[in-house]
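Position one of the sequence shown corresponds to residue 1 (the working numbering), numbered consecutively onward. Written out below as structure tokens is the structure these notes cover.
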Amino acid sequence: MKVIATDRAPGAIGPYSQGYEVNGFIYTSGQIPVDPATGNIPEGISAQAEQSCKNVGAILEAAGVGFENVIKTTCFLADMGDFAAFNEAYAKYFVSKPARSCVAVKELPKGVLCEVEAVAVS
């Protein structure tokens, strides 16, 4: 078991790790759209989806894999009305079309509009 950590994705805001590698699988924590360099959150679902995906990508890279290694994602939206715009941004990163669950939730940390987590194979 190996902890995955990078300064290219936001640090944990609670008692958890950015990711773990266990038996050839990489598990990322849910990534909200915080720019790790500035701490800023972009406006709008498209920009937030892009930043969340970039944050997942930074953790995958720290684990030595890429988006093509992702086999499952779980996506959380604050408003299911954002589904189409979220999908458009998400599709730019997860071109291999991993299995996915996408649900609307009542609220996300820091009032963001989306969160993305992933499972990948090394």
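Built from N, CA and C at the ideal position, the CB exists for glycine as well.
- Fewer than three pairs of CB atoms, one per stretch, sit closer than 8 Å, so the region 36-43 makes no contact with the region 14-25.
- Only residues of its own chain outside the window of five on either side were considered, and among them A89 have a CB closer than 7 Å to the CB of E50, listed in chain order.
- According to the DSSP secondary-structure assignment, V103 is paired through a beta bridge with F76.
- Annotated three-state conformation of E88 is helix, per DSSP.
- In the displayed model, G66 falls within coil according to three-state DSSP, outside both helix and strand.
- Annotated three-state conformation of A118 is strand, per DSSP.
- Three or more beta-carbon pairs drawn from the region 94-107 and the region 70-80 are found closer than 8 Å, and the two stretches are therefore classed as touching.
- With at least 16 other beta carbons inside 10 angstroms of its own, I4 counts as buried.
- Rounded to whole angstroms, R8 and E68 show a C-alpha spacing of 19 Å.
- Measuring C-alpha to C-alpha distances from P109 to each of V95, A12 and K72 identifies A12 as the nearest.
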